[in-house]
Amino acid sequence: MDSRTEPAEREPDITVREPGATAVRKPDTSARPPLVRELLLVVGLFLVYKFGRQLANGHTGEAFHNAHRVWDAERALRLPGEGVVQDALLHGETLIHIANTYYATVHFPATLLFLVWLYLRRPRHYVWARRVLAALTAAALVLHLGFPLAPPRMLDAAHLVDTAQVYGPSVYASEPATDTMANQFAAMPSLHFGWALMLAVGMIVATSSRWRWLWLLHPLLTLLVVVGTANHYWLDAIVATALLGIALAVIRLPRPGSSLVVRRSAPAPELITTGAGR
Numbered sequence: 001m002d003s004r005t006e007p008a009e010r011e012p013d014i015t016v017r018e019p020g021a022t023a024v025r026k027p028d029t030s031a032r033p034p035l036v037r038e039l040l041l042v043v044g045l046f047l048v049y050k051f052g053r054q055l056a057n058g059h060t061g062e063a064f065h066n067a068h069r070v071w072d073a074e075r076a077l078r079l080p081g082e083g084v085v086q087d088a089l090l091h092g093e094t095l096i097h098i099a100n101t102y103y104a105t106v107h108f109p110a111t112l113l114f115l116v117w118l119y120l121r122r123p124r125h126y127v128w129a130r131r132v133l134a135a136l137t138a139a140a141l142v143l144h145l146g147f148p149l150a151p152p153r154m155l156d157a158a159h160l161v162d163t164a165q166v167y168g169p170s171v172y173a174s175e176p177a178t179d180t181m182a183n184q185f186a187a188m189p190s191l192h193f194g195w196a197l198m199l200a201v202g203m204i205v206a207t208s209s210r211w212r213w214l215w216l217l218h219p220l221l222t223l224l225v226v227v228g229t230a231n232h233y234w235l236d237a238i239v240a241t242a243l244l245g246i247a248l249a250v251i252r253l254p255r256p257g258s259s260l261v262v263r264r265s266a267p268a269p270e271l272i273t274t275g276a277g278r
């Protein structure tokens with residue numbers, strides 16, 4: 001098979017050899033953690049993050065003060081205005097509606113499918129990706145609590161349209177104080193972008209198809225959507241990228257484990273070797 005379509009770092013194979021028999025190779029799934037434990041862990045982490053974000057609610061004055069600071073910092077850094085992206089989206093109502101729908105519906109399902117695929121096909125990569133995402137999300141929660149930030153759609157100085165409220169669909173209540181499902185003052189960092197970038201990195205590392213770099217279109221599109229809908233500043237994505245970079249530097253992909261398989265019914269089984277290159 002063309003090596004360009006094979007996994008970049010294949011899970012190790014277990015090769016079973018017996019006298020006079022043909023070698024049998026099976027994927028080593030020893031790196032795959034128990035499913036029930038993983039479901040409980042992922043759900044638990046999500047609930048901790050979800051309820052933890054609520055602790056930052058109510059800091060309205062501080063959130064708007066920080067918003068002005070971020071806006072001024074972007075202008076000092078000569079970053080392009082978020083309105084440049086929004087103006088492009090507002091050329092057609094259909095386009096802005098698609099952007100709002102993407103923001104509202106792609107974030108969690110795409111990340112979940114990413115983790116499920118890795119769990120089933122690349123167990124080692126799954127464990128690594130789950131740890132990185134957990135570290136990134138934990139760091140984001142700390143920043144959300146310590147630096148509440150109103151998104152640009154709420155900042156008068158930005159002169160931006162709250163596209164979700166005007167064109168729909170919206171995942172937020174019209175009044176932040178009445179929103180019991182989400183903390184609207186948790187703009188920095190952008191986990192929409194951070195998770196999307198990790199999805200792309202994970203798929204590029206776990207596969208070696210010549211087309212794997214196209215996964216970078218997902219975080220790029222996500223960036224344009226979160227900025228164009230005025231839900232995030234450019235700096236929100238930059239901070240998310242920095243946090244992800246630190247997590248990737250600290251949390252390394254686990255090495256393949258070794259396995260020995262012995263057929264008890266065989267009188268003198270040979271030693272089983274493990275390795276992707278055999």
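Positions 1 to 278 (our numbering) are the ones given, in order, by the sequence shown.
Each residue gets a CB set at the ideal place from its N, CA and C atoms; glycine is no exception.
Inter-residue distance for F108 and D72 is about 31 Å (C-alpha atoms, whole angstroms). Shortest Cα-Cα distance from A186 to any of A196, D236, D87 involves D236. Counting only unbroken stretches of 4 or more residues, the alpha helix (DSSP H) elements lying wholly within the segment 173-237 are 191-206, 217-228, in sequence order.
Its chain contains L89, L90, T163, Y167 as the residues whose beta carbon lies nearer than 7 Å to that of I96, once the 5 sequence neighbours on both sides are disregarded; these appear in chain order. A distance below 6 Å between beta-carbons, with the five flanking residues on each side excluded, links A206 to the following residues of its chain, in chain order: R122, H125. Non-local beta-carbon contacts of V70 in its own chain, meaning distances under 6 Å to residues more than five positions away in sequence, involve Y233, L235 in chain order. Of the residues assessed, G146 falls on the exposed side of the cut-off, its CB having fewer than 16 other CB atoms within 10 angstroms. Within the DSSP bridge table, the entry for L149 names A186 as partners.
E93 is classed as exposed because its beta carbon has fewer than 16 other beta carbons within 10 Å across all chains shown.
For A200, same chain residues with a beta-carbon under 6 Å away, outside a window of 5 residues either side, are W215, L216, H218, P219 in chain order. When the beta-carbon positions are compared, S190 and V225 stay at least 7 Å from each other. Runs of the alpha helix (DSSP H) lying entirely within the segment 93-132 and spanning at least 4 residues, in chain order: 93-105, 107-121.
H144 counts as buried, since at least 16 other C-beta atoms from the protein chains shown sit within 10 angstroms of its C-beta.
For the pair V116 and P254, the Cα-to-Cα distance works out to about 18 Å.
Per DSSP, V171 lies in no alpha helix (DSSP H) and is assigned neither H nor E. Sixteen is the threshold: since fewer than 16 other Cβ atoms of the shown chains lie within 10 Å of the Cβ of W213, the residue is exposed. A Cβ-Cβ distance of about 7 Å is found for the pair W195 and L133, placing them in contact under the 8 Å criterion. Between P152 and N100 the beta-carbon gap is near 15 Å, outside 8 Å, which marks them as no contact.
A distance below 6 Å between beta-carbons, with the five flanking residues on each side excluded, links G202 to the following residues of its chain, in chain order: A129. Distance from the CA of A247 to the CA of L41, rounded to the nearest whole angstrom, comes to 19 Å. For V142, the three-state secondary structure derived from DSSP is helix. L118 and M188 have their alpha carbons spaced roughly 28 Å apart.
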